[in-house]
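Following: one structure in structure tokens, then a few remarks.
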Amino acid sequence: AQPWNALIKLCGYDGKMDVALNLFQLMGKARVSRTLSTYNTLISAYARRGEWERALEVLEWVEDAGLRGNTITYSAVINACAQAGKVHQAVEVFGWMNKARVEANVITYNTLISACDKAHQASLALEVFHRMQAEQLRPDLLTYNSLISSFARDGNYEKCVEIFNQMFEASITPDAITYNGLITACAASGAWEQGFTVFEWMMSDRVRPTVWTYNQLIMCLKDTADTERALELYKRMLQGGCRPDVVTYNSLIKVCANARDSRTALELLGACPKNKVSPDLTTYNTAIVACARAHETELAQQVFQRMEPAGISPDVYTYGALLLACESSSDLPLALEVFSQMKRRRVKPSATIYHTVIKACEKGWKFDTAVALYEEMLSKGITPE
RNA sequence: GCCAUUCUUUAUGAA
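Residue numbers (my numbering): 333 to 717.
Set out below in structure tokens:
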């Protein structure tokens, strides 16, 4: 069964879940007996895609096959819930695990903490952290990293540092991800100087920064309108032998967008190929936002038109950004045209989309159109805030 | 033997 399991795992990596499932079913026909690892592998493949409902289904198959799930099985299912942002389900599966008297280990708890993290539930993450210790389990590096990440989202830097200090008491050496978490906390709270300070600690602790470290440092500058400093970081990472990735560009462009600097944003978009980075959907979307905020509607349209040739399909964020550009230049006819184009292209308008188009109508004194759009939105079951 | 866990980026609006 091992070669089959390995193949299923590979399909999961490639996102070819239909092939993975075929392999799984073929095992029955080929009279290869599935082991518990086979099921676990399939669950993990669904987990990485956040397909928690499918993962739960496979868990049922385990019992149907007369097998008993082990720690890995349940941890993998919990991870599927985690990846989907479903903490409640993750906790429920954890409950089943206890009921089935399957032992939870450090990895199980780490996965639960990560589930809380992804669902923005830092206090619940902390409860899980305490509970694992009550169960005589010793938190490891990943436990602390996940816990720090939970508080980092809220910009709770103080709490992150508190946890960071606890690591030393527990004789656990922080790694790059630990420091990255602290930097994220600074980015989330707008404390960019603190972020740079953490970066210094990291250097003096001889922990090598990664691309993510730089990306997160760039994000610390998002509210400063300091495009210059962001570009300095970019140069510094190049000098430090750290290759920028697409997120680096997206983050830099984000700083430009917030600074209403469409010129630098477009330069960065153009610089991607030089560093062998292909702009992705987020790159284009953010670049369009930069143009919109700079009231450069035509530039926004030009960037938009470059997407299709690049093989990238616009999504709801793309149209949201484009509509923002129309709205910012009070171009109602263009806004309506963009709006109908997005529907033709089967991109579902969100509440934000309606909000932006309605705002454009109000600017153009077309209150009747605004009301009609509002009603259309309600009739589609989209609720305004 | 094969299988599970951690960090970053995109649209409107609230204050």
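Note that the Cβ used here is the ideal one computed from N, Cα and C, for glycine as well.
Residue span of the alpha helix (DSSP H) that contains residue i, given as start and end
| i | result |
| --- | --- |
| asparagine 477 | 473–485 |
| aspartate 663 | Looking at the DSSP string, aspartate 663 is not in any alpha helix (DSSP H), and its letter there is neither H nor E. |
| glutamate 385 | 384–396 |
| threonine 688 | 683–695 |
| proline 611 | That residue, proline 611, is in no alpha helix (DSSP H); it is neither H nor E in DSSP. |
| lysine 491 | 489–501 |
| isoleucine 340 | 334–346 |
| histidine 311 | Lying before the first or after the last residue shown, residue 311 is absent from the chain, which here runs from 333 to 717. |
| arginine 381 | Counting along the chain, arginine 381 falls outside any alpha helix (DSSP H), and DSSP gives it neither H nor E. |
| leucine 570 | 559–571 |
| lysine 586 | 578–590 |
| isoleucine 714 | Premise fails: isoleucine 714 is in no alpha helix (DSSP H) and is neither H nor E. |
| leucine 358 | 349–361 |
| alanine 520 | 508–521 |
| isoleucine 550 | 543–552 |
| glutamine 421 | 419–431 |
| serine 536 | 524–536 |
Within 8 Å, strictly: CB atoms of residue i and residue j
| i | j | result |
| --- | --- | --- |
| asparagine 617 | alanine 591 | no |
| alanine 508 | proline 541 | yes |
| threonine 403 | asparagine 354 | no |
| alanine 562 | leucine 584 | yes |
| serine 594 | glutamate 640 | no |
| alanine 519 | methionine 569 | no |
| alanine 454 | tyrosine 489 | no |
| valine 635 | alanine 619 | yes |
| valine 689 | leucine 655 | yes |
| alanine 397 | threonine 367 | no |
| serine 407 | threonine 370 | no |
Alpha-carbon to alpha-carbon, residue j and residue i
| i | j | result |
| --- | --- | --- |
| leucine 458 | tyrosine 706 | 42 Å |
| isoleucine 495 | aspartate 647 | 39 Å |
| glycine 513 | leucine 565 | 18 Å |
| lysine 554 | leucine 631 | 22 Å |
| lysine 418 | leucine 358 | 31 Å |
| aspartate 700 | cysteine 623 | 29 Å |
| glutamate 392 | phenylalanine 461 | 29 Å |
| leucine 388 | serine 521 | 37 Å |
| glutamate 717 | proline 611 | 33 Å |
| histidine 420 | serine 446 | 13 Å |
| valine 679 | alanine 702 | 20 Å |
| serine 672 | glutamine 637 | 16 Å |
| threonine 715 | proline 681 | 12 Å |
| tryptophan 697 | alanine 352 | 55 Å |
| threonine 596 | arginine 433 | 58 Å |
| arginine 470 | threonine 529 | 30 Å |
| glycine 527 | isoleucine 515 | 5 Å |
| glycine 427 | glutamate 501 | 31 Å |
| tyrosine 511 | leucine 668 | 46 Å |
| asparagine 582 | histidine 687 | 25 Å |
| leucine 664 | isoleucine 685 | 14 Å |
| glycine 573 | glutamate 599 | 22 Å |
| valine 543 | lysine 675 | 38 Å |
| leucine 666 | lysine 691 | 13 Å |
Option in the options with minimal Cα separation from residue i
| i | options | result |
| --- | --- | --- |
| alanine 416 | Leu353, Cys518, Trp393, Gly382 | Gly382 |
| glutamate 435 | Thr367, Val670, Thr556, Arg400 | Arg400 |
| cysteine 413 | Ala379, Met674, Asn437 | Ala379 |
| lysine 341 | Asn372, Val390, Cys552, Phe500 | Asn372 |
| valine 587 | Leu570, Glu560, Arg575, Val609 | Glu560 |
| cysteine 448 | Trp428, Arg676, Met429, Asn477 | Asn477 |
| alanine 362 | Lys695, Glu385, Trp336 | Trp336 |
| valine 579 | Glu599, Gln571, Gly573, Gln548 | Gln548 |
| alanine 466 | Glu708, Tyr441, Gly487, Ala451 | Tyr441 |
| lysine 348 | Ala377, Ala422, Val423, Gly696 | Ala377 |
| methionine 499 | Phe356, Cys518, Trp524, Asp472 | Asp472 |
| leucine 374 | Asp350, Lys712, Glu708 | Asp350 |
| aspartate 577 | Gly398, Thr545, Cys552, Thr650 | Thr545 |
| cysteine 658 | Ser711, Ile644, Cys693 | Cys693 |
| aspartate 452 | Val423, Leu474, Gln468, Asp486 | At residue 452 the sequence reads histidine, which differs from the aspartate that was named. Comparing Cα-Cα distances from histidine 452 to each of Val423, Leu474, Gln468, Asp486, the minimum goes to Asp486. |
| valine 409 | Glu395, Lys695, Val425 | Val425 |
Distance cut-off 7 Å: residue i Cβ against heavy atoms of the ligand FAD
| i | result |
| --- | --- |
| aspartate 647 | Looking for the ligand FAD in the displayed structure turns up nothing, as the structure carries no ligands at all. |
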